[in-house]
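Asker: What follows is a structure written as structure tokens; I'll ask about it next.
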Amino acid sequence: MDLTQTDESFEKTLPLDIFLLNYLKDKPKAFSVLQNQLSSIGCTAELKLDEERAVVKGIKKNSEGATACIPDVNQILVDLSENYTVHYVTEPKQIKKLLQDVPIETDDLKVYTERGQVVIVGEVEAVKEKLADLQKNLLFRKELVISEKYKLMEEEFNREMLARYPEVKTTRVGSSIVLEGSDREVQAGAAKLLQLFLQIQERRIQLPPNLVAFMDSSGAVPKYQARFCQTLRHPVSFEVGPDLVLSSLSSDAIAVAEAAILRDLKEEVITLQGDTAASTDFNKVKELLIKAKNEANRDELKVEIAFIPASSGNTETKVRLVGYSKEVQKLKETLQDFQKKQFSTQEIFNLSHPELVNYSDKNLDLTGMNRSGEHVMADLDGDLSNLTKDHLVITGPGVQFYFDSDGKKDKASIERTCKVLIKECIQDLLQNTAPVSDLYDNINNGNSQYTMPKSTWQKTSATTNPLNKTKLEIKFGKLVDEEVDVLVVPMISRRVSFLTPYGKQLHEAAQKHLQKNLMTKKTPGNIMSIDAPPSLNSTKIFFIECQQWDGPKGRSLQGLRDGLKKCFNLCIREGYTSVALPVIGLEEALKFPSQKAIQVLRDELMLFGSYGNCGALSSIHIVINPDCQDSETFYKDLYRNLSMNLTFRDQEIFESVSSDLVNITACVDGGVNLQLVFGSIVDESTDVVVNTTDFANFQTAGVCKEILAVAGPAVEAELRKANVIRGHIFQTEPGSFPCKSIFHVNGEKETEVIEDLVCGIIGRCDRLGYKSVAIPAICTGQGGLDPDVVANTILQAIKKSLLSGPLQDLTHIRLVLFKMNVFMAFKKNAIRIFHSAAFKTVVDQPSSFLPPSFATFDPSTLRSSSSIQQTTFTVTGSRRDVDEAMSKLKQLYQAQCCSQTFRHEELQDLPPDDRTFLKQLVQVLGVHVEEDPSGQGRWTVSGLKDAVQQVMDVIQKRSN
Numbered sequence: 001m002d003l004t005q006t007d008e009s010f011e012k013t014l015p016l017d018i019f020l021l022n023y024l025k026d027k028p029k030a031f032s033v034l035q036n037q038l039s040s041i042g043c044t045a046e047l048k049l050d051e052e053r054a055v056v057k058g059i060k061k062n063s064e065g066a067t068a069c070i071p072d073v074n075q076i077l078v079d080l081s082e083n084y085t086v087h088y089v090t091e092p093k094q095i096k097k098l099l100q101d102v103p104i105e106t107d108d109l110k111v112y113t114e115r116g117q118v119v120i121v122g123e124v125e126a127v128k129e130k131l132a133d134l135q136k137n138l139l140f141r142k143e144l145v146i147s148e149k150y151k152l153m154e155e156e157f158n159r160e161m162l163a164r165y166p167e168v169k170t171t172r173v174g175s176s177i178v179l180e181g182s183d184r185e186v187q188a189g190a191a192k193l194l195q196l197f198l199q200i201q202e203r204r205i206q207l208p209p210n211l212v213a214f215m216d217s218s219g220a221v222p223k224y225q226a227r228f229c230q231t232l233r234h235p236v237s238f239e240v241g242p243d244l245v246l247s248s249l250s251s252d253a254i255a256v257a258e259a260a261i262l263r264d265l266k267e268e269v270i271t272l273q274g275d276t277a278a279s280t281d282f283n284k285v286k287e288l289l290i291k292a293k294n295e296a297n298r299d300e301l302k303v304e305i306a307f308i309p310a311s312s313g314n315t316e317t318k319v320r321l322v323g324y325s326k327e328v329q330k331l332k333e334t335l336q337d338f339q340k341k342q343f344s345t346q347e348i349f350n351l352s353h354p355e356l357v358n359y360s361d362k363n364l365d366l367t368g369m370n371r372s373g374e375h376v377m378a379d380l381d382g383d384l385s386n387l388t389k390d391h392l393v394i395t396g397p398g399v400q401f402y403f404d405s406d407g408k409k410d411k412a413s414i415e416r417t418c419k420v421l422i423k424e425c426i427q428d429l430l431q432n433t434a435p436v437s438d439l440y441d442n443i444n445n446g447n448s449q450y451t452m453p454k455s456t457w458q459k460t461s462a463t464t465n466p467l468n469k470t471k472l473e474i475k476f477g478k479l480v481d482e483e484v485d486v487l488v489v490p491m492i493s494r495r496v497s498f499l500t501p502y503g504k505q506l507h508e509a510a511q512k513h514l515q516k517n518l519m520t521k522k523t524p525g526n527i528m529s530i531d532a533p534p535s536l537n538s539t540k541i542f543f544i545e546c547q548q549w550d551g552p553k554g555r556s557l558q559g560l561r562d563g564l565k566k567c568f569n570l571c572i573r574e575g576y577t578s579v580a581l582p583v584i585g586l587e588e589a590l591k592f593p594s595q596k597a598i599q600v601l602r603d604e605l606m607l608f609g610s611y612g613n614c615g616a617l618s619s620i621h622i623v624i625n626p627d628c629q630d631s632e633t634f635y636k637d638l639y640r641n642l643s644m645n646l647t648f649r650d651q652e653i654f655e656s657v658s659s660d661l662v663n664i665t666a667c668v669d670g671g672v673n674l675q676l677v678f679g680s681i682v683d684e685s686t687d688v689v690v691n692t693t694d695f696a697n698f699q700t701a702g703v704c705k706e707i708l709a710v711a712g713p714a715v716e717a718e719l720r721k722a723n724v725i726r727g728h729i730f731q732t733e734p735g736s737f738p739c740k741s742i743f744h745v746n747g748e749k750e751t752e753v754i755e756d757l758v759c760g761i762i763g764r765c766d767r768l769g770y771k772s773v774a775i776p777a778i779c780t781g782q783g784g785l786d787p788d789v790v791a792n793t794i795l796q797a798i799k800k801s802l803l804s805g806p807l808q809d810l811t812h813i814r815l816v817l818f819k820m821n822v823f824m825a826f827k828k829n830a831i832r833i834f835h836s837a838a839f840k841t842v843v844d845q846p847s848s849f850l851p852p853s854f855a856t857f858d859p860s861t862l863r864s865s866s867s868i869q870q871t872t873f874t875v876t877g878s879r880r881d882v883d884e885a886m887s888k889l890k891q892l893y894q895a896q897c898c899s900q901t902f903r904h905e906e907l908q909d910l911p912p913d914d915r916t917f918l919k920q921l922v923q924v925l926g927v928h929v930e931e932d933p934s935g936q937g938r939w940t941v942s943g944l945k946d947a948v949q950q951v952m953d954v955i956q957k958r959s960n
């Protein structure tokens with residue numbers, strides 16, 4: 001602003017926007033307000049449009065000069081600029097709209113379309129209101145027709161729209177969804193809706209027509225949909241037609257729904273026996289079943305009955321029961337009880353050997369129909385008097401395991417050919433068997449052996465279909481969040497709440513249910529099964545009664561083993577497909593040593609899988625709470641133990657061990673292998689290892705301290721002398737570290753610096769001819785940066801480097817991540833940045849699990865892990881047949897045994913973890929190890945042939 005003054009007056013020039021000058025000229029009211037304000041202080045204003053300025057003139061008010069008036073003029077001009085605004089419209093759509101509209105002119109607003117421009121001028125609030133109306137009129141609107149399946153993705157779609165496009169308004173109008181907002185965001189929302197629709201999965205279940213009709217007539221479909229809406233993360237829809245069609249965004253949710261339907265609904269067709277089909281008794285049966293059906297259907301339709309009379313093509317009268325499994329079973333039992341009461345009888349026969357009554361399922365089925373009993377009595381009268389019984393004790397390594405597995409079939413063959421009955425004498429066995437290891441403490445206990453339902457006995461074999469093998473999955477999170485059939489939870493003396501983190505969660509989720517069922521004291525190893533409450537994503541909860549750790553020979557260890565056996569056994573018997581459990585014993589209240597807790601779980605899983613048929617159980621989830629102290633250590637020990645035991649006696653017992661923390665690798669741009677490794681960088685052997693440091697504190701816990709501990713003092717001395725410029729790489733010799741060079745960097749806790757450093761590391765490696773480099777998660781440890789931010793920065797820098805041009809020498813980039821949350825952050829960002837299709841799981845054992853050093857190994861420790869077992873059989877039959885069978889049983893076992901020798905020196909190259917594995921192998925396989933009497937350092941392994949060979953393979957593989 002220019003100021004000119006004389007003794008009597010002054011003149012102030014104010015440059016104004018040409019459109020504001022035009023507005024003041026065109027709007028006398030606005031200009032009048034300005035003139036009135038100026039006149040009150042003795043001034044006037046003149047608008048000079050051709051010069052694009054306004055001139056304010058005034059006279060001096062007193063002898064002190066013009067300074068008494070000029071501040072007032074300045075304030076009036078400031079008010080002018082604050083009260084009025086000039087808005088230049090640049091958005092093409094807005095310009096088009098304004099040009100099409102009838103010119104709008106009010107006392108406080110005017111639109112100019114001069115000089116090829118569109119300008120809105122007026123009072124500030126009026127201009128804002130005009131712009132808002134203009135924006136509203138330009139909103140893009142899209143209407144999308146939806147189907148009934150929209151409810152499957154409605155929650156997910158709304159969550160995505162709120163997170164990504166909060167400005168888009170979503171409205172449900174009948175069978176359509178209306179999206180209103182900017183063109184780009186509305187189109188993106190429509191694309192997201194289509195994407196979710198394409199992700200919906202379907203599964204057809206072929207049910208008997210009568211079951212499908214029952215679901216329709218009983219209203220079961222809406223009940224199931226409401227139930228799964230509450231219990232599952234993703235809703236499941238049902239379509240009832242020739243087949244039952246299940247639809248959901250989640251395949252796991254569909255599997256849970258399918259298992260529930262197949263378990264909950266049932267059809268039974270029962271043939272009426274004997275005189276029950278006669279008219280008189282048939283009417284009684286009909287009356288009894290209808291009465292029971294009406295009682296079951298008192299509140300709602302749960303079961304239906306149909307009577308199928310005999311006909312020319314079918315001479316049997318039958319009853320069809322259709323409905324919920326529980327009610328169908330009750331009516332079936334009612335019918336069976338009626339038939340037994342009407343026609344059953346009992347005969348008494350004195351046996352020459354009273355204990356034969358224990359085997360009545362084989363040779364004394366005397367309870368049944370009256371006429372059948374008479375015939376059996378006549379047939380057995382002479383034969384039973386000639387029976388004799390004898391005991392056979394077979395002693396040797398692995399004998400019990402052999403007759404529990406492969407020898408069962410051979411033993412059954414001897415029974416048939418020799419016409420004898422062979423039974424294992426459990427009590428004698430328990431009294432006379434020497435202990436093999438903790439792993440087999442209860443293997444011969446009839447209540448804790450793994451058994452299958454009768455329907456699967458004939459299908460069990462050592463070579464099960466690999467497609468049916470159980471998958472082991474290590475999961476991270478809360479146990480109560482798992483979507484499985486069964487949850488396994490520890491408890492102590494009826495208490496679950498406050499016992500463990502799992503107990504707290506279950507107590508909150510099912511407090512009333514637990515109070516109702518946890519009323520009686522439990523013995524360690526016993527389990528209690530309850531229905532899971534609707535708030536959980538499971539069907540059943542198995543509570544194992546546990547006891548605080550009381551030593552390796554105490555009751556706590558055996559109780560936990562028994563409980564796990566029974567849980568797995570129940571899963572098979574009840575036909576459950578999935579189970580989730582923690583590593584029981586790690587909880588504060590139980591105080592198990594971590595290695596013991598993991599060993600018990602591993603041993604029971606291995607024993608369970610080795611029986612050859614896991615029934616319908618296809619998935620076992622082992623859940624680790626990431627908030628638990630030392631969770632990384634627990635995970636490493638658990639993963640290593642499970643991965644080393646996927647096979648047993650040359651048979652694959654589990655399909656795989658999967659985990660979110662298993663290393664992944666991808667071949668990215670330029671053929672470079674990018675690997676994400678969960679482990680410690682000090683276990684790397686790449687050409688280059690990157691050390692992250694602040695070049696000041698070298699002994700603070702973290703990557704720098706660990707690397708220097710291996711590299712040695714000479715490298716640390718170089719670092720102490722270094723004067724490194726911000727963002728530069730300091731390169732040193734490796735010292736004792738098993739690499740070619742170490743790059744030392746300081747991320748400065750800034751993502752821009754980290755990005756430049758990673759690009760520099762890759763570039764320098766390639767220029768210097770290095771083929772591989774290991775990089776830690778820079779600044780996520782002592783630096784304290786968010787792992788997700790660092791992961792995005794490092795991976796984007798790698799992608800940037802690879803896209804800048806092909807690398808000549810560098811082929812392997814390994815990102816080595818020590819913390820679980822850091823690994824998960826890198827994995828998520830890597831899949832996003834390089835696309836999930838590029839990555840694959842690396843299932844080989846992480847190098848960070850294998851300690852680098854070990855001491856001399858004494859073979860006598862293997863001897864302490866082995867034993868000689870005994871098995872006692874009771875053989876019943878004629879004297880000659882019993883003698884022949886006992887001789888064949890001995891020969892059968894002896895033919896399966898062998899011995900091999902090894903030298904003391906062959907064990908010295910075994911690392912500690914392999915030594916532990918060898919000890920466990922000796923225990924599990926039941927082989928016997930003893931020193932050769934010659935005293936020449938030779939040792940003998942004896943036992944079953946394939947078990948001995950498996951032990952020798954481990955020894956000889958390492959020695960070679």
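Position 759 of the sequence shown, counting from 1, maps to 759 under full-length UniProt numbering, and the rest follow consecutively.
We put the beta carbon where it would ideally sit given N, CA and C, even for glycine.
#1: Hey, quick one: how far does the alpha helix (DSSP H) through G189 stretch, first residue to last?
#2: Do V951 and L921 come within 8 Å of each other at the CB atom, strictly closer than that value?
#3: Could you tell me how far apart the beta carbons of D637 and S594 are, in whole angstroms, since I believe they sit closer than 8 Å?
#4: Could you compute how far the alpha carbon of I620 sits from the alpha carbon of Q558?
#5: Just to confirm, does K553 get its C-beta within under 7 Å of one of the non-hydrogen atoms of the ligand ADP?
#6: As an exercise, report each continuous alpha helix (DSSP H) stretch of at least 4 residues that is fully enclosed by the region 740-791, in chain order.
#7: Can you list, in chain order, the residues of its chain whose CB lies under 8 Å from that of E148, leaving out five sequence neighbours each side?
#8: Name the DSSP beta bridge partners of Q900, please?
#9: So R880 is in the alpha helix (DSSP H); what residue range does that whole segment cover?
#10: In chain order, what residues of the same chain lie with their CB nearer than 8 Å to the CB of K749, ignoring the 5 residues before and after it?
#11: Excluding five sequence neighbours on each side, which residues of the same chain lie with their C-beta closer than 8 Å to the C-beta of F698?
#12: Tell me M491's beta-bridge partners as DSSP assigns them.
#13: With H, G and I counted as helix, E and B as strand and the rest as coil, what does DSSP make of C567?
#14: So, is R602 buried or exposed, given that buried needs 16 or more other C-beta atoms within 10 angstroms?
#15: Is there contact between the region 721-734 and the region 675-683, where contact requires at least three CB pairs shorter than 8 Å?
#16: Starting from the C-beta of L757, find all residues in its chain whose C-beta is less than 6 Å away, skip the five residues before and the five after it, and write them out in chain order.
#17: Cα separation between G781 and T700?
#18: Along the chain, where does the alpha helix (DSSP H) that runs through G609 open and close?
#19: Would you report the Cα separation of C571 and L617, rounded to the nearest angstrom?
#20: Is it true that the region 169-187 meets the region 219-226, where meeting means three or more beta-carbon pairs spaced less than 8 Å apart?
#21: Could you tell me whether the region 170-182 touches the region 199-207, using the rule of 3 or more Cβ pairs below 8 Å?
#22: Less than 6 Å between C-beta atoms, sequence neighbours within five positions excluded: which residues of the same chain meet that for K57?
#23: Are the CB atoms of K332 and I270 nearer to each other than 8 Å?
#24: Evaluate P209 with the Cβ neighbour count: other Cβ atoms within 10 Å of its Cβ, from every protein chain shown; 16 or more gives buried, anything less gives exposed.
#25: Alpha carbon to alpha carbon, what distance is there between I394 and I308?
#26: Which residues in the same chain as Y893 place their Cβ atom closer than 8 Å to its Cβ, once the five residues preceding and following it in sequence are excluded?
#27: Nearest by alpha-carbon distance to V285: which of V322, K302 and Q336 is it?
#28: Tell me which residue opens and which closes the beta strand (DSSP E) that G323 is part of.
#29: Cα-Cα, which of A213, I474 and R233 is closest to Y324?
#30: In the DSSP assignment, what are the bridge partners of G540?
#31: Output needed for L289: all residues of its chain with C-beta closer than 8 Å, excluding positions within five of it in sequence on either side, in chain order.
#32: Short check: CB of F743 to CB of A722, under 8 Å?
#33: Within this structure, are the beta carbons of T874 and K419 separated by less than 8 Å?
Answerer: Checking against the coordinates, here is how it stands:
#1: Numbered from 1 along the sequence shown, position 189 holds the residue referred to as residue 189. Element bounds for G189: D183 to Q199.
#2: Looking up residue 921 in the sequence shown gives position 921. Looking up residue 951 in the sequence shown gives position 951. Cβ atoms of L921 and V951: closer than 8 Å.
#3: Taking the sequence shown and counting its residues from 1, one reaches residue 637 at position 637. Taking the sequence shown and counting its residues from 1, one reaches residue 594 at position 594. Confirmed, Cβ separation roughly 7 Å.
#4: Taking the sequence shown and counting its residues from 1, the one referred to as residue 620 is at position 620. Taking the sequence shown and counting its residues from 1, the one referred to as residue 558 is at position 558. When rounded, the distance between both Cα atoms is 22 Å.
#5: For the ligand ADP, the structure offers nothing, since it holds no ligand at all.
#6: 751-767
#7: Stepping through the sequence shown from its first residue, residue 148 is reached at position 148. The residues are S237.
#8: Stepping through the sequence shown from its first residue, residue 900 is reached at position 900. Per DSSP, V941.
#9: Mapped onto the sequence shown, residue 880 falls at position 880. R879 to A895 is the extent of the alpha helix (DSSP H) around R880.
#10: The sequence position of residue 749 within the sequence shown is 749, counting from 1. So the qualifying residues of the chain are C779, G783, G784 and L785.
#11: Sequence index remark: in the sequence shown, residue 698 carries index 698 (1-based). Closer than 8 Å at the Cβ level, and outside the excluded window around F698, lie C704, K705, L708, E716, L719 and R720.
#12: Sequence index remark: in the sequence shown, residue 491 carries index 491 (1-based). Bridge partners of M491: E545.
#13: Translated into positions along the sequence shown, residue 567 becomes position 567. C567 falls in the helix class under three-state DSSP.
#14: Residue numbering aside, residue 602 sits at position 602 when the sequence shown is read from its first letter. Buried, because 16 or more other Cβ atoms sit within 10 Å of the Cβ of R602.
#15: no
#16: For the purposes of this step, residue 757 is identified with residue 757 of the sequence shown, where counting begins at 1. These residues qualify, in order along the chain: V745.
#17: Position 781 of the sequence shown, counted from the first residue, corresponds to residue 781. Position 700 of the sequence shown, counted from the first residue, corresponds to residue 700. Approximately 11 Å between the Cα atoms of the pair.
#18: Taking the sequence shown and counting its residues from 1, one reaches residue 609 at position 609. Unbroken alpha helix (DSSP H) run through G609: S594 to G609.
#19: As a working note, residue 571 is residue 571 in the sequence shown. As a working note, residue 617 is residue 617 in the sequence shown. Roughly 7 Å between the two C-alpha positions.
#20: no
#21: no
#22: As a first step, residue 57 is located in the sequence shown; it is residue number 57 there, counting from the start. Around K57: E11 and T44.
#23: Counting from one through the sequence shown, the residue named residue 332 turns up at place 332. Counting from one through the sequence shown, the residue named residue 270 turns up at place 270. Yes. Within cutoff.
#24: As a position in the sequence shown, residue 209 is number 209, starting the count at 1. It is exposed - the Cβ of P209 has fewer than 16 other Cβ atoms within 10 Å.
#25: Walking along the sequence shown from the start, residue 308 turns up at place 308. Walking along the sequence shown from the start, residue 394 turns up at place 394. Each residue's Cα considered, the two are about 56 Å apart.
#26: Taking the sequence shown and counting its residues from 1, the one referred to as residue 893 is at position 893. Excluding positions up to five away in sequence, the list reads I394, G396, V399, Y402, F403 and G407.
#27: Here residue 285 corresponds to residue number 285 of the sequence shown, with the count starting at 1. Minimum Cα distance to V285 is reached at Q336.
#28: To locate residue 323, count along the sequence shown from 1; it is residue 323. Looking at the DSSP string, the run of the beta strand (DSSP E) that includes G323 is K318 to Y324.
#29: In the sequence shown, counting from the first residue as 1, residue 324 sits at position 324. For Y324, the nearest C-alpha among the options comes from A213.
#30: What you label residue 540 is simply residue 540 of the sequence shown in a count that begins at 1. Reading the sequence as shown, one finds Lys at residue 540 and not Gly. In the DSSP output, where bridge partners are listed per residue, K540 has V486 and D531.
#31: Numbered from 1 along the sequence shown, position 289 holds the residue referred to as residue 289. So the qualifying residues of the chain are I305, V319, L331, T334 and L335.
#32: Taking the sequence shown and counting its residues from 1, the one referred to as residue 743 is at position 743. Taking the sequence shown and counting its residues from 1, the one referred to as residue 722 is at position 722. Against a cut-off of 8 Å, the Cβ pair of A722 and F743 comes out as no contact.
#33: Here residue 874 refers to the residue found at position 874 of the sequence shown. Here residue 419 refers to the residue found at position 419 of the sequence shown. No.
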